[in-house]
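2 protein chains.
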Amino acid sequence: MDDALAFSALVLALSGQLVQEIHARVSQQGFEDLRPAHGFAFARISLGGATTAGLAEHLGVTKQAAAQLVEELVRKGYVVRHPHPHDARARLLALTETGWAATRAADQAAQTAVAPWREALGEARFSELVADLTRLTSPGPIRPAW
Amino acid sequence: MDDALAFSALVLALSGQLVQEIHARVSQQGFEDLRPAHGFAFARISLGGATTAGLAEHLGVTKQAAAQLVEELVRKGYVVRHPHPHDARARLLALTETGWAATRAADQAAQTAVAPWREALGEARFSELVADLTRLTSPGPIRPAW
DNA sequence: TCTTTATAGACAAGTAAGTTGTCTACCAGG
DNA sequence: CCTGGTAGACAACTTACTTGTCTATAAAGA
């Protein structure tokens, strides 16, 4: 077979489509100043205990880039910096209520975007696919495709 | 269920992984001055009849961006511009022998990158998945995820 | 045939989101 | 208490685009 490139292109197209769809719905809910990358920052920050440097590693960017992103999110009111209890150099990141609202909006948008796949595959095959994805996809930084 | 965001993240991670793996192998074959985006340009140009403006539409970028990309590929010896037989404004794009060699390398790299999926799913389920992808993924411009 | 409108591509400048490089303040292990 | 490592800030630079404008050519209608 030689549909390997086609398969890759399709997966890339699908991921782009999901990202775009989620982003569009989140924007529509009033969060127009957020970009797709912000969602992955929110996901990390919402777990608690995140610092700028930790976020940088999670996102696979330099800490300078992460610092810029955090600064932007703070300025826009989605994130606050708290003093770190055990390290005077570091700041603990946390979501504001607005940040949580955006996170909930993204979650709902993702459900809607993924719904066609759930339907098309059926719940069983969908779960299998998720399992395969979890197994075969090496856990790495969350980054745009290139 | 609320694994919709997780599913999206996994698909994104997978596409990034495929792109990176293909890119790495192509680089290793001696094409170190190519980026992932170039591959999609090659794919369009190899079909024949491509112009800069047509390429721009295919890639989902402005024609200025496409012109820069073409200029770069010409400078690096992967692409040549021929006069268009019926339109004195346009130039027909074509791959050089080096361009074809890079295309073949990418194809082979994709096979290798996709092989684990073929094995894990089995040929039948893999084909089903490709069919589902083809059906559910709206044909759009080939772009990085964001 | 002439005029209008659209298109291919070039040239120039601006922008977004990263990068490298350097610095200070603070931490932790010997 | 010194020495090497880390968190984050500040600055300059780079890349891969963008918008805006221009000329030459094409195509279609009066």
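Chains as they are written, first to last, in my numbering: chain A, 1 to 146; chain B, 1 to 146.
Glycine included, C-beta positions come from ideal geometry on N, C-alpha and C.
Model, not experiment: these values are computed from the prediction.
*asked:* Can you confirm whether Q68 of chain A, when its beta carbon is compared against all beta carbons of chain B, has any partner nearer than 7 Å?
replied: Q68 of chain A does not count as touching chain B.
_A113 of chain A and L18 of chain A - do their beta-carbons sit closer together than 7 Å?_
Contact flag set, yes.
*Check whether the Cβ of L18 of chain A lies closer than 7 Å to any Cβ atom in chain B.*
Interface residue (Cβ-Cβ distance to chain B less than 7 Å): L18 of chain A is classified as such.
*Taking buried to mean at least 16 other C-beta atoms within 10 Å of its own C-beta, is Q111 of chain B buried or exposed?*
So Q111 of chain B counts as buried.
*Tell me, please, which residues DSSP counts as bridged to R19 of chain B.*
Here residue 19 of chain B turns out to be Val, not Arg, going by the sequence shown. According to DSSP, V19 of chain B bridges with nothing at all.
*Quick one: which chain A residues come within Cβ less than 7 Å of S15 of chain B?*
Listed along chain A, the residues sitting closer than 7 Å to S15 of chain B by beta-carbon distance are V11, L12, S15, A145.
*Which value, in whole angstroms, describes the spacing of the CA atoms of G140 of chain A and G30 of chain A?*
When rounded, the distance between both Cα atoms is 31 Å.
*Can you give me the start and stop residues for the beta strand (DSSP E) that A94 of chain A sits inside?*
Residues 91-95.
_Between D132 of chain A and chain B, is any beta-carbon pair separated by less than 7 Å?_
D132 of chain A counts as touching chain B.
_7 Å Cβ cutoff met for G77 of chain B and T98 of chain B_ = Yes; because the gap between Cβ atoms is below 7 Å, this pair is in contact.
_Option nearest E71 of chain B by Cα separation, candidates B:F126, B:T52, B:P83, B:E57_ = Of the listed residues, the one whose Cα sits closest to E71 of chain B is B:T52.
*Is DSSP giving V80 of chain B helix, strand or coil here?*
Residue state, collapsed to three classes: strand.
_Reference A24 of chain A; option with closest CA among A:G48, A:Q108, A:L95_ = Out of A:G48, A:Q108, A:L95, A:Q108 has the C-alpha closest to the C-alpha of A24 of chain A.
*Pick from A:A50, A:T103, A:A105, A:R104: whose alpha carbon is nearest that of P83 of chain A?*
Nearest Cα to P83 of chain A within the set A:A50, A:T103, A:A105, A:R104: A:A50.
_Residues within the segment 94-111 of chain B neighbouring chain A, beta-carbon criterion of under 9 Å_ = Hits within the stretch, in order: A106, D107, Q108, A109, A110, Q111.
*Might you give, ordered along the chain, the residues of its own chain that have their beta carbon closer than 6 Å to the beta carbon of F126 of chain A, omitting 5 neighbours on each side?*
These residues qualify, in order along the chain: R118.
*Give the DSSP-derived three-state secondary structure of A88 of chain A in the structure shown.*
Correct three-state label for A88 of chain A: coil.
_According to DSSP, A50 of chain A sits in a beta bridge with which residue or residues?_
Residue pairing by DSSP places A50 of chain A opposite A:L93 in a beta bridge.
*As assigned by DSSP and simplified to three states, the class of D33 of chain B*: D33 of chain B falls in the coil class under three-state DSSP.
_For a test of the three-state rule: what should DSSP assign to I45 of chain B, helix, strand or coil?_
Helix at I45 of chain B.
*Quick one: list the residues of chain A neighbouring D3 of chain B, beta-carbon separation under 7 Å, in chain order.*
The contacting residues are V130.
*Closer than 7 Å to chain A by CB, A120 of chain B*: Closer than 7 Å: yes.
*Name, please, each residue of chain A whose Cβ falls closer than 8 Å to the Cβ of G140 of chain B.*
Under the 8 Å cutoff, chain A gives A13, G16, Q17.
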